[in-house]
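Chains as they are written, first to last, in the working numbering: chain B, 1 to 306; chain G, 1 to 306. From the three backbone atoms N, C-alpha and C, an ideal C-beta is built for every residue, glycine too. Computed from a prediction, not measured in an experiment: that's the story for all the values here. Reviewing the structure listed below.
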Amino acid sequence: MPTDRMDEPLLAAGGVVPLDVAVAGTEDEPTSSRAALLRQGNFVVGVILLAIVVIPVLLAPVVSAVGPDVQNPTATFLGPSPSHLMGTDQYGRDIWARVVYGGRYTIGASIAVVILGGIVGTVLGLVAGYVRGAVGFTIMRGVDLLLAFPGILLALGVTAILGPSLVNAVIAVAIVAVPLYARIVEGAAREIRNLPYVRAARALGAGSGHIIFRHVLPGALPAIVVQTTVYLGIAALWIASLGFLGLGVQPPTPEWGQMVSDGQASLSIAWWVAVFPGAFLAAFVVGVSLVGDALRDRLNPTAAGT
Amino acid sequence: MVYVGKRLLALVVLLIGISILVFLMLQLIPGSPVTALLGQSATNPAAVARLNAELGLNKSLPVQFWLWLKGVLHGNLGYSYQNQQPVSALIGQNLPSTLELAGAGLLISIVGGIVLGAVAAVRRDTATDSVSMGIAMTLVALPSFWLGLILILLFAVVLPWFPVVGGTSLRGLVLPALTLGLGLLGITGRFVRSSLLEAMHSSHVVAARAKGLNSRTVFLKHIARNAVLPVITVIGLQVGALLSGTVLVEVVFSRPGIGRLLVQSILSKDYATVQATVLIIAAFYAITNLVVDLLYPLLDPRIGGT
């Protein structure tokens with residue numbers, strides 16, 4: 001058992017540096033209070049954006065008088081007005097209603113993605129990092145192989161096998177998330193397994209399962225939380241992208257990406273059909289990344305500075 | 001030389017892994033591979049028998065893989081029954097347009113990212129800095145298909161400067177390249193900023209200033225040179241995002257290309273084309289990553305020299 005890892009800094013970079021952490025860079029000098037204030041400003045903007053998007057989506061039946069699928073042949077392609085905040089589409093459906101109900105599919109699917117991908121990736125990462133040996137080696141080579149595909153390509157490949165649907169889109173995007181989680185958790189687990197308190201637990205006769213769940217997992221948790229906030233935005237983007245490409249949610253179910261694609265045909269006569277769902281998606285993704293950034297600075301002070 | 005050899009070996013292993021996964025894709029689709037490949041033509045017994053023999057379906061899986069790989073290495077990527085032509089011909093028709101788009105997008109991302117990042121670094125912790133980084137983050141998070149649509153709306157519908165459908169002309173390239181480049185520009189910008197800041201505050205730069213070098217020499221010889229390496233890394237990492245981006249951008253602008261070919265073949269269940277495009281894009285991605293790895297020792301003699 002290697003003991004020479006003991007003097008390595010805890011979670012220095014979690015084994016691998018995810019792109020966003022790498023992007024944030026590591027500036028070793030103390031940041032000024034002004035910079036801290038600007039960062040706090042970003043966090044507040046993020047929270048406001050999320051509130052604007054998430055509250056109407058949660059309260060969809062309250063904020064919208066009509067359902068998302070109610071057609072009205074006498075009210076097609078109406079521009080935004082007090083009675084139709086975001087106008088209507090070619091079937092006279094209310095875009096505001098479709099946007100607030102549609103968010104449930106896009107955001108709900110993204111949450112499903114981070115839960116599914118997060119759990120599978122975390123378990124694989126814990127096993128690979130703690131047990132190591134042939135099992136760990138095999139897991140990590142599989143992870144490397146999956147990472148060799150650009151994310152959307154992997155998602156498209158999985159969709160090609162499973163066929164286009166909302167559930168399959170969730171599975172496809174979750175499969176892209178698995179190696180990202182596995183790598184980060186594996187790095188954390190590898191460092192934590194040799195810390196004195198874990199070795200003490202082992203010396204006291206604690207079983208592997210107990211050590212993994214009581215000692216290693218809590219230590220890896222900050223990295224998992226940061227990864228989840230970062231990936232939630234990416235997941236929403238990809239779920240919507242698959243929807244836009246016609247490979248995710250199928251019409252007439254409203255989903256933001258699919259709605260943008262729906263509205264593209266009538267862009268020159270009714271811009272609102274495509275623009276509003278995309279704007280809500282954009283606000284959600286930007287909001288999540290601003291909040292995620294602030295959270296990363298809080299939980300991982302070495303990456304602060306941007 | 002050892003460094004180069006190791007990298008090349010890793011690439012070969014990775015390419016073998018990628019091709020195994022892509023080969024298995026067809027096995028994972030429900031039903032027989034012959035039915036999947038032939039699609040509508042599966043009712044023709046002669047075609048079924050011929051393809052059965054060609055794929056060696058009565059032989060073991062490793063033998064089938066070997067036959068398939070041998071074909072691929074000889075440029076035989078299969079036959080698209082939907083398009084009534086060899087897949088290699090389809091790819092040949094679509095690849096130049098994708099490379100053109102990716103190249104133009106990368107150029108916009110590099111030039112724009114360097115400008116944005118340098119401005120932010122020089123004006124560190126000021127409003128200019130935080131606005132630049134706010135723009136960078138927003139660009140990263142914006143859904144590219146929606147950004148493309150907004151650009152079409154503004155610069156092709158409202159102001160008729162560019163064609164709505166991106167043809168193969170140079171004018172038709174502007175909006176798609178801008179859509180692709182703007183998304184990546186944010187990542188480059190953030191990275192340029194942090195690596196410039198790191199280089200600016202390192203001790204050799206302080207020493208160079210102390211001995212009285214003018215700021216121009218200090219910037220070019222001591223700051224910029226050290227900031228180049230991480231920027232090259234991130235540009236290398238962007239190749240994946242670039243390829244993923246072309247898929248969506250080509251669909252938004254109805255532009256011919258590998259990405260749109262992939263989406264269309266998934267929708268029409270043209271599995272031979274799906275397999276080949278996934279293989280080509282993944283191999284291209286792996287090879288560019290190798291090129292980036294090989295560039296390191298040239299830019300920084302400390303890497304790979306010993």
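Contacts with chain G (Cβ-Cβ distance below 8 angstroms) from the segment 110-124 of chain B involve no residue at all. By the Cβ neighbour-count rule, B/L232 is buried, with 16 or more other Cβ atoms within 10 Å of its own. By the criterion of at least three beta-carbon pairs nearer than 8 angstroms, the segment 248-261 of chain G is in contact with the segment 95-114 of chain G. Distance check between B/F244 and each of G/M137, G/V119, G/L248 places G/L248 closest, using alpha-carbon atoms only. By the 16-neighbour rule on beta-carbons within 10 angstroms, G/Q85 is exposed.
In its chain, beyond the 5 residues on either side, L26, I29, K269, Y271 have a beta carbon closer than 8 angstroms to the beta carbon of G/A36. B/I152 reaches chain G at S244, V247, counting residues in chain order whose Cβ is nearer than 7 angstroms. Burial check for G/W68: the Cβ neighbour count within 10 Å reaches 16 or more, so the residue is buried.
Nearest CB-CB separation between G/A47 and chain B: not below the 7 angstroms threshold.
Of the residues assessed, G/R171 falls on the exposed side of the cut-off, its CB having fewer than 16 other CB atoms within 10 angstroms.
In chain B, no part has a C-beta under 8 angstroms from the C-beta of G/L159; the shortest such distance is about 13 angstroms. The secondary-structure analysis by DSSP pairs G/P86 across a beta bridge with G/Y79. Within the same chain, and ignoring the five residues on either side of G/A276 in sequence, the residues whose Cβ sits closer than 7 angstroms to its Cβ are L77, G78, V87, I91.
Put simply, the CB of G/V274 is near chain B, with a gap under 7 angstroms to one of its CB atoms. DSSP places B/T88 in the strand class (E or B) of the three-state scheme. If only uninterrupted alpha helix (DSSP H) runs of at least 4 residues are considered, those enclosed by the segment 116-188 of chain B are 133-147, 151-162. For the 7 angstroms CB-CB criterion, B/Y101 and B/P254 form a contact.
Using a CB distance cut-off of 7 angstroms, B/F244 counts as an interface residue toward chain G. Within the segment 93-178 of chain G, the complete alpha helix (DSSP H) runs of at least 4 residues fall at 127-141, 144-152. When C-beta atoms of the segment 103-120 of chain G are compared with those of the segment 213-222 of chain B, fewer than three pairs fall below 8 angstroms, so the two segments do not count as touching. Our two residues, G/L196 and G/R190, have alpha carbons roughly 10 angstroms apart in a direct line.
G/D300 is bridged by DSSP to nothing; it lacks a bridge partner. Inclusion of G/L279 and G/V22 in the CB contact set at 7 angstroms is warranted, their separation being smaller than that value. Only those residues of the segment 63-85 of chain G whose C-beta falls short of 8 angstroms from the nearest C-beta of chain B would be listed, and there are none. Shown here, B/D94 sits in a strand according to DSSP, grouped into three states. Within a 10 Å sphere around the beta-carbon of G/W161 sit fewer than 16 other beta-carbons, which makes this residue exposed. Under the Cβ distance rule, B/F149 counts among the residues neighbouring chain G, one pair being separated by less than 7 angstroms.
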